[in-house]
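Note sheet for the following structure.
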Amino acid sequence: MSAHPLLKVEDVVAGFGPTTVLHGLSYEVRAGEIAGIFGLNGAGKSVSMKVLAGIVPVRSGRLLFDRLDVTAMSAEERVAKGMAHVPQGRQVFKELTVEQNLRLGAYTLRRRASARYRATLDGVYDRFPILAERRAQVAGTMSGGQQASLAVARALMAEPLLMLVDEPSAGLAPLVVEELYGTLREVAATGVTMVLVEQNVSFGLQLAHTAHILQTGRIVHSGPVSELDADAVASYLGVGRLLSSGVTSTLQARKPARKRAPRKKAAAP
Amino acid sequence: MSNLVLGCVYGGIYGLIAVGIVLVYRGTRVINFAQGEIGTFSLYLAWYVTVERGMPWWCGALAALAGATAIGLLFERLVVRRMHDATRLSVAVATVGLALFLLAVEIKAWGLSPRSFPAPVGGVGTKVFGVYVTPTQVISLVVVLAAGLGLAALLKRTDFGLGVLAASDDPTAVRMVGVRLSHVSAFTWGVGAALAAVAAVLFEPTVTVFAPDYAGRLFIAGLVAALVGGLSSLPGAFVGGIAVGMIEVFVRDKTLTWTFPGTTTVAMFVVILLVLLLRPRGLLGKAAS
Amino acid sequence: MKPRVPGFAKVLAVLVALAVVPPVLGRVLDGGQTNARMLTLAIGVCYACAALSLNLLMGYAGQISLGHFALLGCGAFTAGVLMSPYRMGLPFLVAVPAAALVGALVAFVIGLPALRLRGLYLAIVTIAFSYAMVESIFRWRPLTGGSAGVEVPRPIVDTFVFNRNADYLAVCLLLFAGLWLVDRNVTRTRLGRAFQAIRADESVAQAYGVDVARYKLMAFVVSGAFAGVAGAMYGSLFGFVNATSFDLQYSLLLVIVVVVGGLGSRAGVTAAALFYAVLPRWLSALEGWDLIVGSLLLMYAVSSHPGGMAEAFREARERKRAQGETDEPATPTLPDMPRPSGLAERRREPVGTPLLRVRDVTVRFGGLVAVDGASLDVERGKIVGLIGPNGAGKTTLFNAISGLVRTDSGTVEILGRDVTRAAPHQRAATGVGRTFQLIGLAKDLSVSENLLLAQHSVAGYTAGEALLWTGRTPRAERDLRERAREAVAALGFERYADTPVKYLSHGQQRIVELGCVLVTAPELVMLDEPSAGMSPGAAENLAVRLADIRDQLGRTVLVIEHNIPLVLDLCDDLYVLDAGKVIAQGAAREVAALPEVVGAYLGQLHPATALSAPAGTPSGVGA
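Structure (structure tokens):
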């Protein structure tokens, strides 16, 4: 695993219209790791994701991706450079078939290296046999879990270096969240780097190697998840009576893994 | 029988207008109310180049095509693209603005008197079941079929076409897979406007003269055709065009002796009401919105 | 009634001024250009009336009309047929109401397709309507005199004829003032709020208890009546009309006026109408350019300032205010409102009596069975959870209960009354309040406007009373405003009271939504994924609020939720829906432990449940 940061966010200021949401955001993501961004509502998590994707412009500061300054690049160019996007919940192209969805996912790949398309598609179908089975089905008619898989598969079709994973569990049933967890883990195991924004703290903490905690547009804590302190998380994120047991046990479960994180290979399912 | 032939001839042109409307609708979920006026404006360009400047027919046709495409692209670039967050209805209102703008410029620059632009191929044509079908009318039928089928294939079979289809569903997600939304939008508006020019140039010989707002009726007929076909179906636009052509010829034939004026426009209105109330999906459309 | 007197006096003073000033001015400045100028001004006033009419339809209710001058034409020809000395020779005062009536009737017919369709389709209908009228009906000789047109004489009182343009201008101004006042009554009562809700989101409007079909038609009818009046005025101004007076071009110009002036802004559209009618006629050098500049302005306005010039100013002001206000308010309390005065008092039943009974409800969408014979009982004073996989039919069942979708079989009973066939607004009136998966607020309206809108079904006055601001209207409006103010105070949102909801954070919007549900004091509160998109802290806050609804306010809650810790903590009873069927029901903790529920929905790995027990530590995470 290379040690150079794949993604470097430097002092980014951004916002919508009159309001500034991010006031000098800085963090780094090393190749091969899953970086989790956590924070309260309105802390700027989703805006920070949109800034990475190129949908919200950066007012000042820099974004370095694979040693390339992408600050001024359009969203489309960034995809061509190797960023792929896993949208919230089940947002796939509902009127297109599974295979058409995947083909659009490979839009930049087919322009870069069209010869690889077939192999990539086969690889994705191997990993998601359900999608292979339903390749001609219109995506909107599939179950929630299948659509969530398709969203991940579509991002993989671009052979990305970095996947931006935006609240993947939003609106999904627990069982589907569980499936998705497994899927994302497996994908990460193949060496794809991820930036993950997640409201479901337990889910996010299980998946991420590093945690970046946002408060009112700034990072207030960065560090390996394995070194996070449950009380600190609780106070940063306002986790109280209801969810604290889940978070605490998640963090406890992560402790033994400290020396190996970020892992190269996922444990057996 | 002769009515059937005449209906097909008119229907082909209506279908062309409809294909342009449907293409823009598929790509951006907007009805382009300037579709007709773009056609009229391009005819003025063609007339200017051929009649005023004395250049050959094909120069005029080319000027019409290029002019219309430029209008479509400019409108997309300067207005539509800035409205990516706006409701589709406000974009439609913007197209009303474009229609009025073109109309106002035509009146200001060339006045209200009627002009004419020659047919691509001369001659009265051949007699089919008692009706003279001019070469232009045959050409227009062929062009509308080719445009409809060609565009349908392009949308379904190419990556870019899939991007166009997906863009009407979720434009941001289309950007996130790397399809340039600006290209998608420019493509639909540019090609849509070009089709308006083609329809206007091919229809003009049938009515022989044009003036500002000449395409108004043509546009309504095209709109009805698109609606009958389901607004989102390209083959549907063609079928709808033929259907509207037939209805028009039939109604005109039956009401020739009436003192009541404009029965065909009333018929169009009634068809719209019936389609919208009874079968909003149209004949070949998929889902009603 | 003290504050009403000065308002009334002011209105009267303005009316007198409008009636007196033009005739006096016309006589003082007699000669030269005066008569022509007065004509131009009168044209401007006619346009302003037409603009008010289109603004009501497009700006308030969001229903587009591209053929509005055809409606004016209906009014003008009606006036002509009634007033022309060669026809019926009736007086102006008969012709104007008749024109309003005809305009309203025709608009009613045009509005019928709007019941099923929205937006673009309506644009198509109205543009085709314009063509059909102008090319055909308006040219039909027996009715309209063909291309010669029909005479529409000026009003006559006794022997006095309003031939002098200045005198007729006073008539126009008075009619305009009348329309203005009625329009103001629309915007300050539930009519205007219902229109705005329909424009924002029809399903939100329905959930607030607005009978969408009825209000859409009402918007068409009132707008048509305005257009009829404007048409009669317009016709009488020129003395004659024919089909070309109402060309599509004029209709489209009116769209320019209304959009550039600012959709929904009375003053804005009036100013734009006067500007457009007057300027090109006084500065003849502008001839032809007015349309070119106007259409460019229209495109600029819709692409840069969708709300027109009026909105541009308002937004600038709001931006200033919104700045520096991003922090969340301290945990708000929820409003405990008394029963609205518009509803009959109802007995408090003891906890545990049945409130909602759903029996064997099936909902099909085409071939897909979304809800398959589901039965559900909700007892008073409890929080009942509804969980299940995505696509299990939870939201559809909600919609069936609140009446937004039709059930194919089965019954829904609320408080012992069968409401299976009742419309959403009727169910809202029986005491069902609900929220939506995505926030169901009218986003462009302020917090207090949303709270007012939420009380739509309990405002006890009719549309007629509202239009004339008589009967129960003033009193009821005062009550509603008072309740909205109380609710805002209870939420702790005083400083956001006038902030459009779209500027609030997601969590804040959720709280406002809850406030809107509670402001009518519903018996049953239905919440669709209330914690979606909330950070853990906000979700915990929400849990406390929901418990308050049960424990402090004594209400009943039915909630769809994926946040299992929250569900287990909060719910008394739990129903699990899978593939449209209820697969389990009972006390929350017991249901969550059932193997079939774990298998179909919860799964083994759930962070909060599984992870809290060491045995459930997922293999992928630990050692």
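Residue numbers (our numbering), protein chains in the order written: chain Z, 1341 to 1609; chain A, 43 to 331; chain B, 4 to 626.
Every residue, glycine too, gets a C-beta built ideally from N, C-alpha and C.
Since this is a predicted model, take the numbers as computed values, not measurements.
Excluding residues up to 5 positions away in sequence, 310 lie with their Cβ nearer than 7 Å to the Cβ of residue 262 of chain A in the same chain. In the structure shown, residue 236 of chain B adopts helical secondary structure according to DSSP, grouped into three states. Among the residues facing chain A, residue 1411 of chain Z is not included, as its CB has no counterpart in that chain under 8 Å away. By the C-beta density criterion, residue 53 of chain A is buried, having at least 16 other C-beta atoms within 10 angstroms. Listed in chain order, the positions of the segment 196-219 of chain A with a beta carbon within less than 7 Å of a beta carbon of chain B would be empty, since no residue qualifies. Residues of the segment 1490-1519 of chain Z whose Cβ lies closer than 9 Å to any Cβ of chain B, in chain order: 1507, 1509, 1510, 1511, 1512, 1513, 1514, 1515, 1516, 1517, 1518, 1519. Residue-level contact by beta carbon holds for residue 1483 of chain Z and chain B, with a gap shorter than 8 Å. Between residue 48 of chain B and residue 179 of chain B, the C-beta gap is smaller than 8 Å, which places the two residues in contact. In the DSSP assignment, residue 225 of chain A falls within the unbroken alpha helix (DSSP H) covering 223-249. Between the beta-carbon of residue 223 of chain A and that of residue 213 of chain A there is about 6 Å, and that keeps the pair under the 8 Å contact cut. Going by DSSP, residue 1564 of chain Z is part of no alpha helix (DSSP H) but of the beta strand (DSSP E) stretching over 1558-1564. Within the model, the alpha-carbon separation for residue 1552 of chain Z versus residue 1416 of chain Z is close to 26 Å. Judged by pairs of C-beta atoms under 8 Å, the segment 59-72 of chain B touches the segment 182-201 of chain B, as three or more such pairs exist. Assignment of residue 506 of chain B by DSSP, reduced to helix, strand and coil, places it in the helix class. About 7 Å separates the beta carbon of residue 558 of chain B from that of residue 526 of chain B, a gap short enough to meet the 8 Å contact definition. A residue is called buried once 16 or more other Cβ atoms fall within 10 Å of its Cβ, and residue 1454 of chain Z, having fewer, is exposed.
The Cβ atoms of residue 1502 of chain Z and residue 1541 of chain Z do not sit closer than 8 Å to each other. Judged by beta-carbon spacing, residue 59 of chain A lies within the 8 Å limit of residue 238 of chain A, meaning their Cβ atoms are closer than that value.
Here residue 193 of chain A is near residue 61 of chain A, since their CB atoms are less than 8 Å apart.
For residue 231 of chain B, the three-state secondary structure derived from DSSP is helix. Contact between residue 1372 of chain Z and residue 1531 of chain Z holds: CB atoms are separated by about 5 Å, below the 8 Å threshold.
For a cut-off of 8 Å, the C-beta gap from residue 1537 of chain Z to residue 1395 of chain Z is around 14 Å, too long to register as a contact.
The three-state secondary structure of residue 459 of chain B, taken from DSSP, is helix. When Cβ pairs closer than 8 Å are counted between the two stretches, the segment 1435-1444 of chain Z is seen to touch the segment 202-209 of chain A, the count reaching three or more.
The beta carbons of residue 293 of chain A and residue 305 of chain A sit about 6 Å from each other, so the pair counts as a contact at 8 Å.
Per the C-alpha coordinates, the member of B:576, B:19, B:583 positioned closest to residue 595 of chain B is B:576.
Restricted to the segment 383-470 of chain B, the beta strand (DSSP E) segments that are unbroken, complete and at least 3 residues in length are 386-390, 412-417, 435-437, listed in chain order.
For residue 537 of chain B, the C-beta contacts it makes with chain Z under 8 Å involve 1381, 1539, in order along the chain.
Taking a Cβ-Cβ threshold of 8 Å, the residues of chain Z close to residue 221 of chain A are 1416, 1444, 1447, in chain order. The C-beta of residue 157 of chain A has 16 or more other C-beta atoms within 10 Å across all chains shown, which makes the residue buried.
Beta-bridge partners of residue 1503 of chain Z (DSSP): Z:1424, Z:1534. Contact between residue 231 of chain B and residue 104 of chain B holds, with the beta-carbon distance rounding to 7 Å and staying under 8 Å.
In this structure, residue 581 of chain B sits near residue 391 of chain B, with a CB-CB distance shorter than 8 Å.
The alpha carbon of residue 402 of chain B has as its nearest neighbour, out of B:426, B:384, B:383, B:382, the alpha carbon of B:426. The bridge partners DSSP lists for residue 578 of chain B are B:389, B:588.
Taking 8 Å as the upper bound for CB-CB distance, residue 458 of chain B and residue 520 of chain B are not in contact here, some 11 Å apart.
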